[in-house]
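K.L.:
Residue numbers (this note's numbering): 12 to 335.
Take a look at the following structure, please.
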Amino acid sequence: MKKVPTEILDCIKENQSFLILVHNKPDGDAIGSAIALGKGLKALGKNVDYYIETPLEDKLQFFSESRYFEDELQDEYDVVAFLDCSTMEYAFKPVPMVDARTTVVIDHHATNQGYGDINFLEITAATAELVFRILDALDVELDPEMVEAVFTGISTDTGSFQFSNVTADTHQILSRLYEKRDNFAVLSKRLHSEKNYAQMKLYGKAVDSLQLYEDNTLAWIFLSYADICKYGGPVQITDDVANIGMNIIGVQLSATVKEVECGIYRVSLRSKTPFKIDVSLIARKYGGGGHMRAAGFTFKGDLKALKKELIELIEYYRKHEEDI
Ligand code: 5GP
Ligand code: MN
């Protein structure tokens, strides 16, 4: 197991009260990381609170620890830990913000500039990998729910171990999880295949909206506010909607535009080989962030201009394919 910075371990050992924060519209990695770390800290005798946006999407509503997500907060904590948040703006935070003696950032996004007093930043497949390593270094025994939490984080952020972010380290951690439990078949199905009725219909709307440009190398998917509302709101948009474009043969760049409020769009970008398009650079330009192959941002401007920009980008890659 790779090393964990001693600063992080000392910070945990030396402090007593912790508040755990994750990003807006928390995904499996955010929730899994928060629960594994939160329960791990509790096992070490620490006081832990969470401030996490609810309701969680259906598939993540099985952790009993999430009953603490809406508990009242203290005014002050020894440590406020930001998990899976590449920027502080992207975090879901209490208003007004609580006082923190120390802020800790634990994250796996390449775009993270390190906004904490202590930063544990490493480009791994999931933040849950970093949390697992912290708990391992502190000799915390994982209970069954923590095992599920770490699995949920890694499985979600790797698209069930299909994405290019999976490494030998990821599988080393997985093998440790399998030592604790026979299989993760039911959980995997829940995380990746099953949908409720509204989610399936919304997924269908997204497929239906698909447009392709530039000889089918750019995919553009749009979900209107009206459609999203019809099927229960943004919480019903499943992660795999952002991968619809990527699952089309030949597509190199995909934009999934979700009108989550009237005129406010959440954009998910994805890219795949052979073009080395770093979508996190586009996302950062618009105040978002993420990874080379998966990034996102909130957009309020002219969608036609955004589409044109992506078409020009893919045009450039097609022309320069040989030398990029
Ligand atoms: P998704 O498209 O699934 O929402 O996000 C893809 C990746 O980009 C995730 O790692 C996510 O954390 C990151 N990301 C998405 N939206 C934002 C954003 O608005 N700001 C930042 N900093 N990162 C984002
Ligand atoms: Mn993540």
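Positions of the beta carbon are idealized from the N, C-alpha and C atoms, including for glycine.
Given the structure is predicted, the values throughout are model-derived calculations rather than measurements.
For F233 and V268, which I take to be in contact (beta-carbon distance under 8 Å), what is that distance rounded to the nearest angstrom?
P.N.:
5 Å
K.L.:
Cβ of D82 within 6 Å of any heavy atom in the ligand MN?
P.N.:
no
K.L.:
What whole-angstrom Cβ distance do E225 and I293 have, given they're in contact under 8 Å?
P.N.:
In fact, because the Cβ distance is near 16 Å, the residues do not count as touching under 8 Å.
K.L.:
Please state whether DSSP places N254 in a helix, a strand or coil.
P.N.:
Looking at N254 - three-state DSSP - the assignment turns out to be helix.
K.L.:
Determine the direct distance from the alpha carbon of N176 to that of N26, and round the result to whole angstroms.
P.N.:
So the two alpha carbons sit approximately 33 Å from each other.
K.L.:
Just mark L202 as buried or exposed, buried being the case when its beta carbon has 16 or more other beta carbons within 10 Å.
P.N.:
By the neighbour-count rule (16 or more Cβ atoms within 10 Å), L202 is buried.
K.L.:
Here's the rule I'm using: 16 or more other beta-carbon atoms within 10 Å means buried, otherwise exposed. How should M257 be labelled?
P.N.:
buried
K.L.:
At the level of alpha carbons, what is the spacing between K24 and L321?
P.N.:
Rounded to the nearest angstrom, the two C-alpha atoms are 48 Å apart.
K.L.:
Measuring alpha carbon to alpha carbon, tell me which residue in P105, E152, Y328, P155 is nearest L84.
P.N.:
When only C-alpha atoms are compared, the closest one is P105.
K.L.:
Could you check whether the Cβ of Y126 sits closer than 6 Å to any heavy atom belonging to the ligand 5GP?
P.N.:
no
K.L.:
Residue range of the alpha helix (DSSP H) that G39 falls in?
P.N.:
39-54
K.L.:
Shorter than 6 Å, the distance from the beta carbon of D40 to the closest heavy atom of the ligand MN, or not?
P.N.:
yes
K.L.:
Residue range of the alpha helix (DSSP H) that K241 falls in?
P.N.:
236-241
K.L.:
In angstroms with no decimal places, state the Cα-to-Cα distance between T114 and Y101.
P.N.:
One C-alpha to the other measures close to 15 Å.
K.L.:
From the DSSP output, in three-state form, read off K206 for me.
P.N.:
DSSP, reduced to helix, strand and coil, places K206 outside both helices and strands of the structure shown, so it counts as coil.
K.L.:
Count the other C-beta atoms from every protein chain shown that fall within 10 angstroms of the C-beta of R78, then say buried if there are 16 or more, exposed otherwise.
P.N.:
By the 10 Å Cβ count, R78 comes out exposed.
K.L.:
From the DSSP output, which residues share a beta bridge with S282?
P.N.:
L264.
K.L.:
Give the straight-line distance between the Cα atoms of Q263 and G300, rounded to the nearest whole angstrom.
P.N.:
About 19 Å.
K.L.:
Which same chain residues, not among the five before or five after T163, have their C-beta less than 6 Å away from its C-beta?
P.N.:
G39, G43
K.L.:
I'd like the span of the beta strand (DSSP E) that includes Y88, first residue to last.
P.N.:
87-94
K.L.:
Would you check whether the ligand 5GP has a heavy atom nearer than 6 Å to the C-beta of A102?
P.N.:
Because no heavy atom of the ligand 5GP lies under 6 Å away, the Cβ of A102 does not count as near it: no.
K.L.:
Would the beta-carbon of S291 fall within 7 Å of that of T181?
P.N.:
no
K.L.:
Could you give the distance in angstroms between the alpha-carbon of D289 and the alpha-carbon of I255?
P.N.:
Per the coordinates, the alpha-carbon of D289 lies some 19 Å from the alpha-carbon of I255.
K.L.:
Suppose the cutoff is 6 Å on Cβ atoms and the five residues either side in sequence are ignored; what does the same chain contact list for K53 look like?
P.N.:
V59
K.L.:
Can you look up F143 in the DSSP assignment and give me helix, strand or coil?
P.N.:
The three-state reading of DSSP puts F143 in helix, counting H, G and I together.
K.L.:
Any heavy atom of the ligand MN closer than 6 Å to the CB of T178?
P.N.:
No, the ligand MN has no heavy atom inside 6 Å of this Cβ.
K.L.:
Rounded to the nearest angstrom, how far is the Cβ of M99 from that of Y126, given a contact under 8 Å?
P.N.:
5 Å
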